[in-house]
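Q:
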Amino acid sequence: MITHENQIDSWIEEAEQSGEVAIDTETTSLDAHQANLVGISLSTKIGKACYIPIGHKSKGCLKKEIVIKKLKPLFEDKSVKKIGQNIKFDFIVLYKHGIAMSSMEDTMLMSYVLDAGKNRHNMDMLSQIHLGHKTISFKEIVGTGKKEINFSDVEINKAMHYAAEDADITYRLYKIFSKNLKLEKLLNIYEIFEKPLIKILAFMEIEGIKIDNKSLKVLSEKFEKKIKKLEKEIFKISKKEFNIASPKQLGEVIYNELKIAGIKKTRKGSFATSANVLEDLAFKGHKFPQLILDWRQVSKLKNTYSDSLPEHINPNTKRVHTSFLLAATTTGRLASSDPNLQNIPIKSEDGKDIRKAFIAEKGNILISADYNQIEMRILADLADVKELKKAFKNDEDIHSLTASQVFNVDIKKVDQDMRRKAKAINFGIIYGISQYGLAKQINVSNHEAEEFLNAYFFKFPEIKIYMDKTIKFCRKTGYVNNIFGRRSHFTGINDKNFNIRNFQERAAINAPIQGSASEIMRLAMIRLDKKLKSLIKNELKILLQIHDELIFEVPEKEVKNMTKIIKEEMSSVTSSDLHSFSTPLTVDLNIGNNWGILH
DNA sequence: TTTTTCACG
DNA sequence: ACGTACGTGAAAAAG
80 MITHENQIDS
90 WIEEAEQSGE
100 VAIDTETTSL
110 DAHQANLVGI
120 SLSTKIGKAC
130 YIPIGHKSKG
140 CLKKEIVIKK
150 LKPLFEDKSV
160 KKIGQNIKFD
170 FIVLYKHGIA
180 MSSMEDTMLM
190 SYVLDAGKNR
200 HNMDMLSQIH
210 LGHKTISFKE
220 IVGTGKKEIN
230 FSDVEINKAM
240 HYAAEDADIT
250 YRLYKIFSKN
260 LKLEKLLNIY
270 EIFEKPLIKI
280 LAFMEIEGIK
290 IDNKSLKVLS
300 EKFEKKIKKL
310 EKEIFKISKK
320 EFNIASPKQL
330 GEVIYNELKI
340 AGIKKTRKGS
350 FATSANVLED
360 LAFKGHKFPQ
370 LILDWRQVSK
380 LKNTYSDSLP
390 EHINPNTKRV
400 HTSFLLAATT
410 TGRLASSDPN
420 LQNIPIKSED
430 GKDIRKAFIA
440 EKGNILISAD
450 YNQIEMRILA
460 DLADVKELKK
470 AFKNDEDIHS
480 LTASQVFNVD
490 IKKVDQDMRR
500 KAKAINFGII
510 YGISQYGLAK
520 QINVSNHEAE
530 EFLNAYFFKF
540 PEIKIYMDKT
550 IKFCRKTGYV
560 NNIFGRRSHF
570 TGINDKNFNI
580 RNFQERAAIN
590 APIQGSASEI
600 MRLAMIRLDK
610 KLKSLIKNEL
620 KILLQIHDEL
630 IFEVPEKEVK
640 NMTKIIKEEM
650 SSVTSSDLHS
660 FSTPLTVDLN
670 IGNNWGILH
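Sequential numbering of the first sequence, starting at 80, is according to the numbering used here.
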């Protein structure tokens with residue numbers, strides 16, 4: 080326990096000496112964007128850590144300004160590695176307290192590179208797995224539910240044991256993972272694809288995006304009216320009121336009271352009421368299921384978006400700050416949470432209205448830039464599919480080409496329906512297709528779907544070879560590699576359960592495709608960031624990443640210059656230290672004062 | 001805490 | 001005979 084500011088000096092000295100220090104911050108909130116510092120822990124040797132209390136309500140804290148002034152030079156010293164667990168969080172908190180941390184290492188990301196798909200990467204889990212030690216959990220310290228207290232109300236000694244342990248464990252994990260990354264030859268992946276993203280994402284999150292509170296409120300009212308109207312119609316048919324949102328009650332009404340169809344159950348034995356099932360029933364001419372579908376769509380938009388998004392507006396910045404998760408997926412993709420800004424509606428008209436509420440600041444413009452058909456291009460490259468590569472080089476419409484191959488007609492004779500089916504086949508291929516899945520998707524018989532696939536694999540034999548090879552490799556090693564060398568693990572690939580095994584096989588086929596695409600986006604973000612830093616004055620801000628798309632905000636007068644730079648940097652990510660890519664990448668750009676008209 | 005549903009790429 | 005498209009996060013119900 081640091082009880083006097085002068086005690087910090089020896090810790091700083093040790094950190095400067097060794098060039099490494101594990102750090103952890105304790106704060107008033109798990110949301111980095113509104114968190115205030117409560118304490119900082121440091122570890123410079125295994126088994127040795129300290130806690131600097133700053134913002135506890137009880138006695139014994141040091142003055143925040145003095146602690147920050149002392150630690151700032153160390154945290155900003157490029158020659159000393161700052162090691163953290165999910166250090167993007169600490170970076171954001173410290174940045175808001177006037178410290179721009181440099182030379183960051185992250186044990187969460189190291190674990191992710193080593194073990195994606197094997198386990199989660201939170202510290203409690205990592206400590207248990209790699210050190211056989213059960214850590215003091217956050218919940219043990221702050222309690223849960225109604226009894227939950229703020230960290231600033233935690234008694235100082237209790238906080239010390241918890242926080243100092245975290246720094247100590249982080250340092251221990253760092254030592255283990257450093258060794259393992261070298262042994263497994265995965266250090267490159269960590270250095271090239273993970274570390275640079277920490278700061279880039281931190282600044283995207285800090286920047287946030289503006290939303291139009293008023294128009295969302297108007298939308299909510301409009302949705303509410305629609306919901307009320309649909310409810311009236313629904314209850315008129317059911318002849319009683321019930322909770323439409325309850326699958327249990329809804330199933331009871333559909334199958335036992337109205338007897339619209341023979342009882343259909345889910346895998347787990349409850350009534351089947353998913354959109355797929357309801358669409359089938361609606362197709363058979365029933366009015367009721369369609370009303371339910373409509374009700375669900377509007378309720379979803381209201382509950383999840385128009386009602387919720389305004390609650391995420393930060394009172395200080397008046398903008399919405401998502402959190403990008405770097406270690407959530409098996410494939411290398413990012414995820415977004417609190418709120419998730421990677422699943423904002425676009426498909427329905429009502430949905431698009433939600434998007435329109437994401438706006439540029441006055442005088443600014445939003446730019447969207449997305450990779451055209453990136454996963455199909457990856458597949459062409461990954462499986463070395465001659466016909467596909469040629470098509471992309473000639474800038475052909477890939478779904479029309481597929482249609483002409485599968486249905487054996489001239490590309491000029493491909494009609495809407497053929498193209499739609501071919502598109503479904505292409506998607507299916509990326510997901511590790513089954514004839515059953517395809518048949519369901521495009522509403523043809525199993526037999527027909529099988530013939531389509533046979534024709535497809537006959538025309539593109541390299542794809543079948545790729546699929547078989549990938550599964551074989553995965554069965555042997557337990558993982559697959561993407562084109563840059565990132566691993567995704569599939570622990571159930573040899574499971575004795577047929578369903579589990581099949582599921583894992585499809586995931587294993589998909590992972591290198593989805594994963595390589597996400598790597599290209601990571602490289603694009605890193606390139607762009609570097610380019611923007613090289614400009615004398617940079618006013619282009621990256622706000623969001625939605626897997627194959629980036630959203631930017633920029634002053635109006637800069638739009639022309641910046642679109643050029645964006646396109647140039649994104650489409651030239653065709654090689655890295657780890658792979659060179661022989662299929663061209665094309666980027667589509669759109670501009671507007673809101674996100675709704677960017678497509 | 002788990003299950004179901006549904007929004008996105 | 002069985003039951004499947006791949007990857008996510010959030011809301012609501014129900015245990």
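Backbone N, C-alpha and C fix where the C-beta goes; we use that ideal spot for every residue, glycine too.
Using beta-carbon positions only, say whether V159 and L116 come within less than 8 Å of one another.
A: In this structure, L116 does not lie closer than 8 Å to V159 by Cβ.
Q: Would you grab the beta carbon distance between E541 and V464 for me? Rounded to a whole angstrom, and I think it's under 8 Å.
A: Confirmed, about 5 Å.
Q: Judging by CA-CA distance, which residue of F282, D103, K643 and F350 is the nearest neighbour of G163?
A: Closest option to G163, Cα to Cα, is D103.
Q: Kindly indicate which three-state DSSP category I271 falls into: helix, strand or coil?
A: Helix.
Q: Given that a residue counts as buried once 16 or more other Cβ atoms are within 10 Å of its Cβ, and exposed if not, what is L370?
A: Burial call: buried.
Q: Using 8 Å as the threshold, is the C-beta distance between N525 and Q514 below it?
A: For N525 and Q514, yes; Cβs fall inside 8 Å.
Q: When you compare only the Cα positions, how much space is there between T408 and L614?
A: Answer to the nearest angstrom: the Cα atoms are 34 Å apart.
Q: Please report the residue range of the alpha helix (DSSP H) in which F217 lies.
A: That run of the alpha helix (DSSP H) goes F217 to V221.
Q: Does the beta-carbon of S317 have 16 or more other beta-carbons within 10 angstroms, so that it is buried, or is it exposed?
A: S317 should be labelled buried.
Q: Along the alpha helix (DSSP H) that carries M604, what are the first and last residues, could you check?
A: From DSSP, the alpha helix (DSSP H) with M604 extends over F577 to S613.
Q: Mind pulling the beta strand (DSSP E) runs of 3 or more residues that sit fully within the segment 142–195?
A: Qualifying beta strand (DSSP E) stretches, in chain order: 160–163 and 183–185.
Q: Could you please give me the residues that DSSP links to C129 through a beta bridge?
A: The partner list for C129 (beta bridge, DSSP) reads L121.
Q: Using a Cβ-Cβ cutoff of less than 8 Å, which residues in the same chain neighbour Y535 once the five nearest sequence positions on both sides are dropped?
A: Hits under 8 Å: T481, Q484, V485, I504, I508 and I542.
Q: For T104, which beta-bridge partners are listed by DSSP?
A: Answer is I119, bridged to T104.
Q: Candidates A501, S216 and I228: which alpha carbon is nearest Y241's?
A: When only C-alpha atoms are compared, the closest one is S216.
Q: Nearest to D429 by CA position, among S659, F403, L467 and K381, is which residue?
A: The shortest Cα separation from D429 among S659, F403, L467 and K381 belongs to K381.
Q: Quick check: the Cα distance between V633 and K441, rounded to an integer number of angstroms?
A: If you take the alpha carbons of V633 and K441, they lie about 10 Å apart.
Q: My output table needs one value for H112: the three-state DSSP class, helix, strand or coil.
A: In the structure shown, H112 sits in a helix (DSSP, three-state: H, G or I).
Q: Using a Cβ-Cβ cut-off of 6 Å (strictly less than) and excluding sequence neighbours within five positions of F403, which residues of its own chain qualify?
A: Closer than 6 Å at the Cβ level, and outside the excluded window around F403, lie L280, L413 and S415.
Q: Can you tell which of K575, N576, K379 and D417 has the C-alpha that lies nearest to the C-alpha of A111?
A: That would be D417, whose Cα lies nearest to the Cα of A111.
Q: Does the contact criterion of 3 or more C-beta pairs under 8 Å hold for the segment 176–183 versus the segment 194–207?
A: The segment 176–183, when compared against the segment 194–207, does not touch it at the 8 Å Cβ threshold.
Q: With three or more beta-carbon pairs closer than 8 Å as the criterion, would you say the segment 136–155 touches the segment 255–264?
A: Taking 8 Å as the limit for Cβ pairs, the verdict is that the segment 255–264 does not touch the segment 136–155.
Q: Among the residues of its own chain, which have a CB less than 8 Å from the CB of H626, if the five just before and after it don't count?
A: Taken in chain order, the residues that qualify are R412, L413, Q421, A596, S597 and M600.
Q: With a Cβ-Cβ cutoff of 8 Å, do L252 and T186 count as a contact?
A: Result yes, Cβ atoms of L252 and T186 sit closer than 8 Å.
Q: At the level of alpha carbons, what is the spacing between L629 and K646?
A: Their backbone Cα atoms lie some 11 Å apart in a straight line.
Q: For I268, count the other beta carbons within 10 Å of its own beta carbon; 16 or more makes it buried, fewer makes it exposed. Which is it?
A: The residue is buried, with at least 16 neighbouring Cβ atoms inside 10 Å.
Q: In the structure shown, what three-state DSSP assignment does P326 receive?
A: It is helical.
Q: Assign G675 to one of two classes, buried (16 or more other C-beta atoms within 10 Å of its C-beta) or exposed (fewer than that).
A: Classification for G675: buried.
Q: Beta carbon of L309, beta carbon of V377: below 8 Å?
A: Yes, the pair counts as a contact, with Cβ atoms nearer than the cut-off.
Q: Please determine if the segment 607–622 and the segment 577–586 are in contact, where contact requires at least 3 C-beta pairs separated by less than 8 Å.
A: Contact between the segment 607–622 and the segment 577–586 is absent, because fewer than three Cβ pairs lie under 8 Å.
Q: Among the residues of its own chain, which have a CB less than 7 Å from the CB of F302, if the five just before and after it don't count?
A: Counting only Cβ-Cβ distances below 7 Å, and skipping sequence neighbours, we find V377, L380, K381 and S385.
Q: In the structure shown, what three-state DSSP assignment does S387 receive?
A: In this structure, S387 counts as coil in the three-state DSSP scheme.
Q: Extract the residue ranges of the alpha helix (DSSP H) inside the segment 499–556, only unbroken runs of 4 or more that lie entirely within it.
A: Listed in chain order, the complete alpha helix (DSSP H) runs (minimum 4 residues) inside the segment 499–556 are 514–521, 525–538 and 540–556.
Q: Looking at the secondary structure, which residues open and close the beta strand (DSSP E) in which R566 lies?
A: From DSSP, the beta strand (DSSP E) with R566 extends over R566 to H568.
Q: Does R565 pass the burial test, meaning 16 or more other C-beta atoms within 10 Å, or should it be called exposed?
A: R565 should be labelled buried.
Q: Let me make sure I understand the geometry here. Which of L205, R456, K226 and D169 has the alpha-carbon closest to that of K254?
A: Nearest option by C-alpha distance: L205.
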